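Asks: Mind looking over this structure? Questions follow.
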Amino acid sequence: MTKNSGTIKYTKLLPVALTRSQTGNVNMGTESENKSVLKEGFLVKRGHVVHNWKVRWFVLKPDRLLYYKYESGKRDSSHRGTISLNNCNIICPYLEYENRPLVLRLQTSTSEEHFLEACKREERDEWAEAIGAAVQKLNPHKTQTPSSSQNKGSTSLQLHNVNLSQVVDSMYDVHTGIRLCSHVEQGSSYTNCFSGSAVVDWLVFNKLSLTRVEAVTLASALLDDGSLRPIGIRSADALRNAALGEQFLDDSTALYCFSQSFQKRGSVKAEKSLSAVELSGKVVKRGYLLKQGHKVKNWKVRLFVLRAEPGFLHYYDPSKDDITPVGSISLRGCLVSALDDNGTPSGESHLSQASITELSEV
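FYI, in the UniProt record's numbering the residues of the sequence shown are 1 to 362.
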């Protein structure tokens with residue numbers, strides 16, 4: 001909930017990692033059942049009949065993936081669905097959704113497809129690797145197609161058979177090429193550009209590289225060839241200072257563009273605005289939190305992005321395709337306190353396991 005008291009604004013957040021202790025009368029299972037959990041957390045799932053996106057709590061078991069609905073900050077007592085992992089096929093990254101670049105696709109042995117979105121690339125790759133390992137144990141004799149997060153130590157891609165011009169032409173394709181976006185870095189706005197991790201995702205998804213390591217090698221060749229150029233401080237510094245082969249960054253904060261379409265909108269001062277300044281800070285952390293509503297005191301899952309210099313906490317509705325935040329919290333003069341289950345300040349000597357974080361904006 002957010003409320004005004006004079007000049008103080010309060011926002012209450014519930015850490016997702018602690019929500020397992022707040023499931024009310026939910027049966028969390030026996031100790032042996034809990035030990036069989038390989039991984040769990042929030043993912044955004046596309047519906048089967050109606051193709052909308054909903055946040056679900058996923059629990060990975062050795063032979064299946066369960067998902068639950070969250071309401072009022074509590075997990076349902078029974079799961080909403082099961083995805084069998086026997087002979088399951090994984091595609092990661094999956095880039096068919098323009099505004100959802102962090103999707104992975106699961107195809108079951110019955111050809112049923114499931115599309116799951118994570119809050120950040122590392123989390124997506126961790127899920128893909130964990131699910132892939134479970135599938136491999138169920139089918140030890142089946143040859144698995146490596147996901148983007150596997151074989152990180154594989155040998156570099158041999159580029160003598162690669163036509164770099166054809167790769168660039170494919171990246172340019174208006175229908176299947178890499179998505180050109182606008183990015184803000186330290187108050188300066190760039191158009192028609194993309195991040196280093198987006199390039200790597202695109203190369204892997206289009207099977208121009210088998211692994212992220214190979215994709216970085218290929219992208220480095222495009223950079224050296226002059227087909228791509230760095231924009232922004234992070235990518236430019238890497239090009240100047242990094243060793244050969246490490247100049248291209250598989251990073252969501254490193255920006256690149258096509259050489260012939262490089263364009264920077266105006267000067268740094270001309271591009272500064274309130275929204276640009278808010279979004280220009282360095283991303284420190286991304287993840288899902290449960291946030292109490294403004295008017296109705298219900299809890300909803302929101303994707304939070306913490307930025308520094310300037311300090312802002314932005315939150316997004318993961319069920320929407322809109323990439324703009326639905327709200328923001330300025331951290332300047334912000335006070336953070338832990339509340340117990342009843343919403344009252346807890347003592348400094350001990351905090352409730354299910355503590356709630358309260359942000360007070362002065």
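Yeah, the Cβ is synthetic: ideal placement off N, Cα and C, and Gly gets one too.
Only a predicted model underlies this, so the values are computations on that prediction, with no experimental measurement involved.
Rounded to whole angstroms, what's the CA-CA distance from T191 to V184? Just pull it up for me.
Replies: Roughly 9 Å between the two C-alpha positions.
Asks: Rounded to whole angstroms, what is the Cα-Cα separation between Q166 and I90?
Replies: Q166 and I90: Cα-Cα distance of roughly 27 Å.
Asks: So L290 packs on F258, CB below 8 Å; how close in whole Å?
Replies: Actually they are not in contact, since the Cβ atoms of L290 and F258 sit about 41 Å apart, beyond 8 Å.
Asks: Would you report the Cα separation of S197 and R80, rounded to the nearest angstrom?
Replies: C-alpha separation (whole angstroms): 33 Å.
Asks: L116 and L106 look like a contact to me (Cβ under 8 Å); what is the Cβ gap, rounded to whole Å?
Replies: Between L106 and L116 the Cβ distance is about 7 Å, and since that is below 8 Å, they are a contact.
Asks: I think Y288 touches C119, with their Cβ atoms under 8 Å apart; what is that distance to the nearest whole Å?
Replies: That belief holds up - the Cβ atoms of Y288 and C119 are roughly 6 Å apart, short of 8 Å.
Asks: Taking S319 as the reference, give the member of H114, N87, V55 and V37 with the closest Cα.
Replies: Comparing Cα positions, the closest option is V55.
Asks: On the three-state DSSP scale, how would you describe N87?
Replies: N87: coil per DSSP, three-state reduction.
Asks: What's the C-alpha gap between Y315 and F58?
Replies: Their backbone Cα atoms lie some 21 Å apart in a straight line.
Asks: Hey, would you say A219 sits closer than 8 Å to V200, going by beta carbons?
Replies: Yes, the Cβ-Cβ distance between A219 and V200 is below 8 Å.
Asks: Identify, in the order they occur along the chain, each residue of the same chain with its Cβ nearer than 7 Å to the Cβ of I83, setting aside the five sequence neighbours on each side.
Replies: The answer, listed in chain order, is R64, L65, L106, T108 and H114.
Asks: In the DSSP assignment, what are the bridge partners of W202?
Replies: DSSP output for W202 lists no bridge partner at all.
Asks: When the Cα of Y97 is compared with those of V336, I329 and T176, which residue comes out closest?
Replies: Among V336, I329 and T176, the Cα nearest to that of Y97 belongs to T176.
Asks: For the beta strand (DSSP E) that contains I231, what are its first and last residues?
Replies: That run of the beta strand (DSSP E) goes L228 to I231.
Asks: List the whole-angstrom C-beta distance separating Y68 from R75, where the pair is believed to meet the contact cut-off of C-beta under 8 Å.
Replies: Right, the Cβ-Cβ distance comes to about 5 Å (below 8 Å), so this counts as a contact.
Asks: Beta strand (DSSP E) containing S78: first to last residue?
Replies: Neither: S78 is in no beta strand (DSSP E) and is coded neither H nor E.
Asks: In whole angstroms, what is the alpha-carbon distance linking T211 and E40?
Replies: Cα to Cα, the separation comes out at about 25 Å.
Asks: Can you tell me whether DSSP reads E123 as helix, strand or coil?
Replies: Note: E123 maps to helix in three-state DSSP.
Asks: What residue range does the beta strand (DSSP E) around A338 cover?
Replies: Segment C334 to L339, the beta strand (DSSP E) holding A338.
Asks: By how many angstroms is the C-alpha of I231 removed from the C-alpha of E309?
Replies: The straight-line gap from Cα to Cα measures roughly 20 Å.
Asks: Check whether the Cβ atoms of V37 and L85 sit closer than 8 Å, and answer yes or no.
Replies: No. Outside cutoff.
Asks: Looking only at C-alpha atoms, which of R121, F248 and V49 sits nearest to K285?
Replies: Nearest of R121, F248 and V49 to K285, Cα basis: R121.
Asks: Is it right to say residue 400 is buried, meaning 16 or more other beta carbons lie within 10 angstroms of its own, or is it exposed?
Replies: The structure shown does not extend to residue 400, since the chain is modelled only from 1 to 362, so the question has no answer here.
Asks: I need the DSSP call for I323, collapsed to helix, strand or coil.
Replies: In the structure shown, I323 sits in coil (DSSP, three-state: anything other than H, G, I, E or B).
Asks: Mind reading off the beta-carbon distance from L60 to A128? Whole number of angstroms is fine, and I expect it under 8 Å.
Replies: Not really, about 11 Å apart at Cβ, beyond 8 Å.
Asks: Which word fits K269, buried or exposed, when buried means at least 16 other C-beta atoms lie within 10 angstroms of its C-beta?
Replies: Unreliable placement is indicated for K269, whose pLDDT of 34 sits below 50; the coordinate value is still reported in the next sentence. Its Cβ having fewer than 16 others within 10 Å, K269 is exposed.
Asks: Name the one or two DSSP bridge partners that K285 has.
Replies: According to DSSP, which records beta bridges pairwise, K285 is partnered with L306.
Asks: Helix, strand or coil for G293 per DSSP?
Replies: Reduced to three states, the DSSP call for G293 is coil.
Asks: Should V296 be labelled buried (16 or more other beta-carbon atoms within 10 Å of its own) or exposed?
Replies: Exposed, by the Cβ-count rule.
Asks: I need the straight-line Cα distance from V216 to C181, nearest angstrom please.
Replies: The straight-line gap from Cα to Cα measures roughly 20 Å.
Asks: For F248, collect the residues of the same chain with a Cβ closer than 7 Å to its Cβ; drop the 5 residues on either side in sequence, then sort them by chain order.
Replies: G196, V216, A219, S220 and L223.
Asks: Which same chain residues, not among the five before or five after G327, have their C-beta less than 6 Å away from its C-beta?
Replies: So the qualifying residues of the chain are Y315.
Asks: Take I178 and list the residues in its own chain whose beta-carbon comes closer than 7 Å to its own, dropping the five residues that flank it on each side.
Replies: If we look at I178 and ignore the five residues flanking it on each side, its Cβ neighbours are M171, F194, A198, V199 and W202.
Asks: Starting from Y97, follow the beta strand (DSSP E) in both directions and report where the run begins and ends.
Replies: Unbroken run through Y97: none, as it is neither H nor E.
Asks: For a quick check, are the C-beta atoms of I323 and N52 less than 8 Å apart?
Replies: Contact: no.
Asks: Quick check on DSSP: helix, strand or coil for E278?
Replies: Helix, per DSSP.
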